[in-house]
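For any residue, its number in the working numbering is found by taking its place in the sequence shown, counting from 1, and adding 190. Written below as structure tokens is the structure these notes are about.
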Amino acid sequence: MTEQIYKFDTDKVWFTSDTHFGHENIIRYCGRPFRNAEEMNAELIRRWRETVPDDGIVFHLGDFAHGGSRLWNDILCTLTGRKYLILGNHDIKNLRQGYMNRFEFVTQQMTIRVSGQHIVLNHNPFLCYGGSYRDVWQLFGHVHSGPFSHTGLDHPRLKMLFPFQYDVGVDNNDFRPVSFAEVKSKIEAQVSAAQIAAGIKDDGTATYERKIVFLDSGFQIGPNELNRIKEVSTDIIELDIRSPQSIKEMIAQQVSSLSGNIRYVYIGSRPLDDFRYVPIASNAILTMTEVRKAVKLL
């Protein structure tokens with residue numbers, strides 16, 4: 191089944207998460223600079239209305255409010271823009287028909303395209319997601335990162351994420367929704383920093399493209415075919431087809447430590463749910479036909 195991808199205008203899209211309207215304890219948990227829930231609610235509403243126009247589109251990535259139907263309705267009546275809710279762990283406990291229809295759409299996960307950029311929206315950050323090696327963003331909340339909040343149990347794990355991921359939660363964004371343009375700027379800065387840290391970018395302009403050919407172990411490869419692969423690739427990596435891991439898991443494990451613009455192709459006998467795949471029978475001799483197909487996919 192093909193995944194539905196929704197398209198939106200660049201200058202009208204904002205993202206936010208983890209407002210926790212009405213949640214008194216979140217102030218203490220996350221070090222929010224408010225005296226009580228009433229003050230927090232008022233300030234979050236003020237900054238939202240100051241940021242998002244009436245015709246804006248806001249994707250809220252979960253944990254909207256901590257309370258009953260009256261609180262949800264009262265808050266939603268005051269917020270500007272058309273609102274989409276990607277459910278968080280607190281929201282699931284509070285679902286009511288009385289206010290769910292105030293959102294344009296309510297779902298567990300959503301994939302959108304803004305100005306040609308594919309974005310996966312989920313309440314939680316992922317260590318692996320579709321398109322993570324093809325410049326697809328993943329926006330999330332849940333972890334409450336930011337200048338005031340350092341107590342979250344998941345905070346140490348954030349260093350494991352890709353530079354194409356970003357926490358759009360209010361604690362990390364001046365307690366207001368963040369625009370697509372702002373997210374784009376932040377992700378570009380993260381990517382640049384990762385490239386510099388990996389030694390593949392030194393002056394703010396040079397970038398490095400890494401092309402990897404994954405092969406099942408045990409294939410026979412002639413010298414002409416091997417030389418052609420070496421001409422077009424940066425690395426040739428053999429995968430153990432006896433491993434209980436899926437091919438996708440093995441590729442992800444190999445690529446996870448690399449930075450830069452990574453492209454890859456897999457030539458092998460085990461199926462890969464990806465278009466970067468050239469099938470070949472087990473223990474067959476790799477021919478120039480398969481090599482040419484792989485070159486096209488790189």
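Think of the CB as a built atom: it goes at the ideal place given N, C-alpha and C, for glycine as much as any other residue. Just so we're clear, the structure is a prediction, and the values are computed from it rather than from any experiment.
Endpoints, alpha helix (DSSP H) assigned at residue i
| i | result |
| --- | --- |
| H308 | H308 -> not in any alpha helix (DSSP H); beta strand (DSSP E) instead, spanning Q307 to N312. |
| I265 | S259 to T268 |
| V203 | That residue, V203, is in no alpha helix (DSSP H); its beta strand (DSSP E) goes V203 to T206. |
| R418 | P413 to V422 |
| Y274 | From DSSP, Y274 is part of no alpha helix (DSSP H) but of the beta strand (DSSP E) over R272 to I276. |
| Q443 | I437 to V445 |
Continuous beta strand (DSSP E) stretch holding residue i: start and end
| i | result |
| --- | --- |
| T297 | F295 to T297 |
| L429 | D425 to L429 |
| D357 | Q355 to D357 |
| V468 | Y467 to P469 |
| D406 | E399 to D406 |
Residues that residue i bridges to, as DSSP identifies them
| i | result |
| --- | --- |
| V368 | F205 |
| M300 | L311 |
| I475 | Q410 |
| I452 | R400 |
| K197 | R303 |
| I216 | Per DSSP, none; premise fails for I216. |
Environment of residue i [buried if 16+ CB atoms lie within 10 Å]
| i | result |
| --- | --- |
| K283 | exposed |
| M300 | buried |
| T206 | buried |
| A255 | buried |
| S433 | exposed |
| S305 | exposed |
| V455 | buried |
| D361 | buried |
| P185 | Because the chain in this structure spans residues 191 to 488, residue 185 falls outside the shown range and cannot be described. |
Okay, do the segment 277-293 and the segment 315-327 touch, 3+ Cβ pairs below 8 angstroms being the bar?
no
Would you call the segment 349-356 in contact with the segment 238-246, where contact means no fewer than 3 C-beta pairs closer than 8 angstroms?
no
In chain order, each alpha helix (DSSP H) run of at least 4 residues that lies wholly inside the segment 224-264
227-241
Decide yes or no for the touch test of the segment 420-429 against the segment 299-313: beta carbon pairs closer than 8 angstroms, at least 3 of them.
no
I want to know whether the segment 371-378 touches the segment 210-230 - three or more CB-CB distances under 8 angstroms.
no
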